[in-house]
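Numbering (our numbering), first residue to last: 69 to 563. Beneath this line is the structure, given in structure tokens, with notes to follow.
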Amino acid sequence: MKVLLVEPGYKNKYPPLGLMKISAYHKALGDEVIFVKGEEKSLKGMKWDRIYITTLFTFYWNRTIRTIRYYMNSVEQRNNIYVGGVLATLLYEDLYNEPSLQGITILRGLLDQPGILGNNEIVVDRITPDYDIIDITKNSYLKKEYKITNAYITSTTKGCIRKCKFCAVKTLEPIYCPYIDIKEQIQCINKTFGEKRHLMLMDNNILASNKLKDIVDDLIELGFGRENKSYVNSQNRKLTRYIDFNQGTDARLITEDTIKLLSKLEVRPLRIAFDHADKENVKLYINAQRLAAKYNFKVLSNYILFNFEDTPYELYYRLRINIELNEDFESQGLKTRIWSFPMKYMPLEGEHCKDRKYVGKYWNKKLLRGIQCVLSATHGVVGPNRDFFEHAFGKDYNEFLRILYMPEDYIIHRKEYSENGNIDMYKIYYNSMNSKEMNDFTEIIYVFLTIFLYLLKCPQSLILWALRAFCICGKPHISRSIFLYFLYQTWLKSW
69 MKVLLVEPGY KNKYPPLGLM KISAYHKALG DEVIFVKGEE KSLKGMKWDR IYITTLFTFY
129 WNRTIRTIRY YMNSVEQRNN IYVGGVLATL LYEDLYNEPS LQGITILRGL LDQPGILGNN
189 EIVVDRITPD YDIIDITKNS YLKKEYKITN AYITSTTKGC IRKCKFCAVK TLEPIYCPYI
249 DIKEQIQCIN KTFGEKRHLM LMDNNILASN KLKDIVDDLI ELGFGRENKS YVNSQNRKLT
309 RYIDFNQGTD ARLITEDTIK LLSKLEVRPL RIAFDHADKE NVKLYINAQR LAAKYNFKVL
369 SNYILFNFED TPYELYYRLR INIELNEDFE SQGLKTRIWS FPMKYMPLEG EHCKDRKYVG
429 KYWNKKLLRG IQCVLSATHG VVGPNRDFFE HAFGKDYNEF LRILYMPEDY IIHRKEYSEN
489 GNIDMYKIYY NSMNSKEMND FTEIIYVFLT IFLYLLKCPQ SLILWALRAF CICGKPHISR
549 SIFLYFLYQT WLKSW
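Shown next, in the form of structure tokens:
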């Protein structure tokens, strides 16, 4: 059997673990397997007995559909195109009812039962993944190397005990499995593909496991204990191996007992989710970070969800808490530092689940675009340094908003526009607005960005005139339309 594995050409950091397992499955049956990223003309022209196409985030809908269509005629019958993964599970009905995809086979959920892909007793989800297909030296169709190559990618648990509204895990992995013995799989990878240095654990809530001690013992046995030097590279140097709990840990479950267990491992970074800004969750989060510092975790990280049910203030508040924690750690002589990664919420269903256009209840398009521009300048990371943070996000919430409402170029190229004096003038005009003018200002930005997004692109320096016009637009001799005109020309370039 000739089998083609396809990952659509969207940008992603991690390799498709599902396809790696499917590759191992078919190779074990003696089949010929080729893996490709995106649309490959030479492979499209061939005839395949079966094509598997993985899917990821729902907002990649258009790219995913285009990829499926691209390979539609590369099989004799449409039911030999198998589509699975995250999007296929979450938007199963949409895929099933897509007119141009009638007849394809849609795989919903995990391949955790025998007989799903063939008449045999093999459980694909338990197979050791095929690392050769993501090796750029062994796969001539792979044009770009994945960032994660020298690492084992696996899970020691499945599912999550939480049912968070913003999270897909409750649908993708609905049953919580508290323990998976990965020792045999790691040994098999070493024997077949060569030893890897690091371990990427994709567990969604490892701390919920009542087998956490057993998991930690397994990981120590595999060479990932604290201060290990168990990896020997090609130059015969002994190097430290690190574990990354990539999906983050649950602050509510970080206690003296659980953090003490984790401290037996070389975890870098320890990721702790910071999804909510209410008093109880902030207290839990701060306690979790302090416990991590107490047990000498030097590199801490977090995902900070925004654009969900939060306000812009709550995002700024959470970011600032991390800056204050970093300063507190430093004052105590601790080497622990926190690095933050703001993560924009995208709905899993509804009007905007297939694109990136969702705007949360307390947000607007300009604020979201402003956050994106700031993160573009910081490469998506909020570091531990106060000066860096306050330059990027502001010394207080009012300055935070003022930064986000600047034109895109002003945010990204802050140094250039500071040196030529434009940002100082912007501050003068911005600060001269009263509360009513500010409300009108933000409302009009939203209206014009929504309606006239595609029409006109003009120099963003006109913001100065826009703000000046706004500040006096209440006077009888100044038409409000003057402000609208300048505003219209000023901000469209940002979109």
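Positions of the beta carbon are idealized from the N, C-alpha and C atoms, including for glycine.
Consult DSSP for W14 and reduce its assignment to one of helix, strand or coil.
-> Here the chain has residues from 69 to 563 only, and residue 14 is not among them.
State the DSSP-derived secondary structure class of M474, mapped to helix, strand or coil.
-> coil
How big is the Cα-Cα spacing for R339 and D318?
-> 9 Å
Three-way DSSP call (helix, strand, coil) for G448 in this model | coil
So what does DSSP say about T122, is it helix, strand or coil?
-> strand
Cα-Cα separation between P527 and S444, rounded to whole angstroms = Note that P527 scores a pLDDT of 45, beneath 50, so its modelled location is shaky and nothing firm can be said.
Where the alpha helix (DSSP H) containing E75 begins and where it ends | Looking at the DSSP string, E75 is not in any alpha helix (DSSP H); the run it does join, the beta strand (DSSP E), is K70 to E75.
Within the same chain, show all residues whose beta-carbon is closer than 7 Å to that of E75, passing over the 5 residues directly before and after it, in chain order.
-> P84, L87, K105 and T122
Mind the definition here: the region 128-142 touches the region 92-102 only if three or more C-beta pairs lie below 8 Å; say whether that holds.
-> no
Would DSSP call K403 helix, strand or coil?
-> coil
Just mark Y310 as buried or exposed, buried being the case when its beta carbon has 16 or more other beta carbons within 10 Å.
-> buried
Nearest to L175 by alpha carbon, out of D193, G316 and G401?
-> D193
Would you please state the rounded distance, in angstroms, between the beta carbons of F576 and V442? I believe it to be under 8 Å.
-> One cannot answer for residue 576 here, as it falls past the ends of the chain, which runs 69 to 563.
Inter-residue spacing [alpha-carbon to alpha-carbon] between C539 and L163 | Only weak support exists for where C539 lies, its pLDDT of 45 falling under 50; the coordinates are left without a value.
Where L185 and I229 are concerned, what is the direct C-alpha to C-alpha distance, given to the nearest angstrom?
-> 29 Å
Quick one: what's got a C-beta closer than 7 Å to S298's C-beta in the same chain, skipping five residues either side?
-> G291 and R309
How about Y82 and Y128: are their beta carbons less than 7 Å apart?
-> no
Which one or two residues does DSSP pair with D312 in a beta bridge?
-> M268
Endpoints, the beta strand (DSSP E) within which N370 is located = V367 to F374
Counterpart residues of V300 in DSSP-defined beta bridges = K306
For I174, name the three-state secondary structure that DSSP assigns.
-> strand
Using CA coordinates, which residue listed in I288, L240, K226 and T196 is at the minimum distance from L155?
-> L240
Whole-angstrom distance between Q170 and G262, CA atom to CA atom = 42 Å
Hey, which unbroken runs of the beta strand (DSSP E) at 3 residues or more fall wholly within the region 176-250?
-> 219-222
Reference L72; option with closest CA among K89, E107 and W116 = W116
Cβ-based neighbour list, P264, same chain, cut-off 6 Å, excluding 5 preceding and 5 following = Contrary to the premise, residue 264 reads as Lys rather than Pro in this sequence. Once the five neighbours on either side are set aside, the close Cβ partners of K264 are N218, A219 and Y220.
Cα-Cα separation between Y458 and K281, rounded to whole angstroms = For the record, residue 458 in the displayed sequence is Glu; it is not Tyr. Looking at the two C-alpha atoms, the distance is approximately 41 Å.
Mapping DSSP to helix, strand and coil, what is R339?
-> strand
For the candidate residues T224, I201 and I195, whose alpha-carbon lies nearest to that of C256?
-> I195
Considering only C-alpha positions, which residue in the set D200, T157 and K328 is nearest to L179?
-> T157
Neighbourhood of P452 by C-beta distance below 8 Å, restricted to the same chain and skipping five residues each side = N390, I391, N394, R405, I406 and W407
Mind checking which residues open and close the alpha helix (DSSP H) that includes I327?
-> E324 to L330
Output the distance between the C-alpha atoms of F103 and L359, rounded to the nearest integer angstrom.
-> 44 Å
Meets three-Cβ-pair contact criterion under 8 Å: the region 347-355 and the region 325-332 | no
From I216, N272 and N258, pick the residue whose C-alpha is nearest to that of A236; which is it?
-> N272
I think K112 touches S142, with their Cβ atoms under 8 Å apart; what is that distance to the nearest whole Å?
-> 6 Å
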